[in-house]
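*Asks:* For the sequence shown, numbering that gives the first Met the number 0 assigns the number 0 to the initial residue and increments by one for each residue that follows. A single structure is presented below for examination.
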Amino acid sequence: MLDRIAPLLRGVAKDDRSLAHQRRRAAQCVTLNLAESAGHHGGNRRLRYESALGSAYETRACLRIARSWGYVAANSAGDALAIVDRVAAMTFRLLRPRQ
Numbered sequence: 000m001l002d003r004i005a006p007l008l009r010g011v012a013k014d015d016r017s018l019a020h021q022r023r024r025a026a027q028c029v030t031l032n033l034a035e036s037a038g039h040h041g042g043n044r045r046l047r048y049e050s051a052l053g054s055a056y057e058t059r060a061c062l063r064i065a066r067s068w069g070y071v072a073a074n075s076a077g078d079a080l081a082i083v084d085r086v087a088a089m090t091f092r093l094l095r096p097r098q
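The following block contains the structure:
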């Protein structure tokens with residue numbers, strides 16, 4: 000996910016440094032919270048998954064804003080959004096109780 004988003008940040012930073020910074024932090028938080036969850040159990044693990052999912056949603060919102068404002072091409076944003084959606088879906092499934 001980060002590999003797909005990183006090149007888009009450079010273009011956004013030229014037009015909107017605040018949005019680029021927000022998106023960078025959100026995307027990093029997805030990765031870091033998922034990694035941190037591996038060292039936790041029970042409620043703390045769930046909390047890390049929830050934080051990662053929230054950051055994935057925030058990353059998606061930042062990409063949509065960048066696309067809407069014309070900071071990134073629609074097709075580039077679309078590819079990145081698809082990957083963010085996959086990460087969010089996988090993280091969401093981690094939060095669902097096994098049946």
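Cβ coordinates follow ideal geometry from the N, Cα and C atoms, glycine included. Predicted, not measured: the structure shown is a model, and the values here were computed from it.
How would you write the range of the alpha helix (DSSP H) that His40 sits in, first residue to last?
*Replies:* Taken as a continuous stretch (DSSP letters only), His40 belongs to no alpha helix (DSSP H), as it is neither H nor E.
*Asks:* Does DSSP put Met89 in a helix, a strand or coil?
*Replies:* Helix.
*Asks:* Measure from the alpha carbon of Arg16 to the alpha carbon of each residue in Ser75, Arg85, Cys61, then state which is nearest.
*Replies:* Taking only the C-alpha atoms, the option nearest Arg16 is Cys61.
*Asks:* When burial is assigned at 16 or more other CB atoms within 10 Å of the CB, is Ala79 buried or exposed?
*Replies:* Under this definition Ala79 is a buried residue.
*Asks:* Can you grab the Cα-Cα spacing for the pair Ala81 / Gly42, in whole Å?
*Replies:* So the alpha carbons of these two residues sit roughly 29 Å apart.
*Asks:* Could you tell me the distance, in whole angstroms, from the CA atom of Thr30 to the CA atom of Gln21?
*Replies:* Approximately 15 Å between the Cα atoms of the pair.
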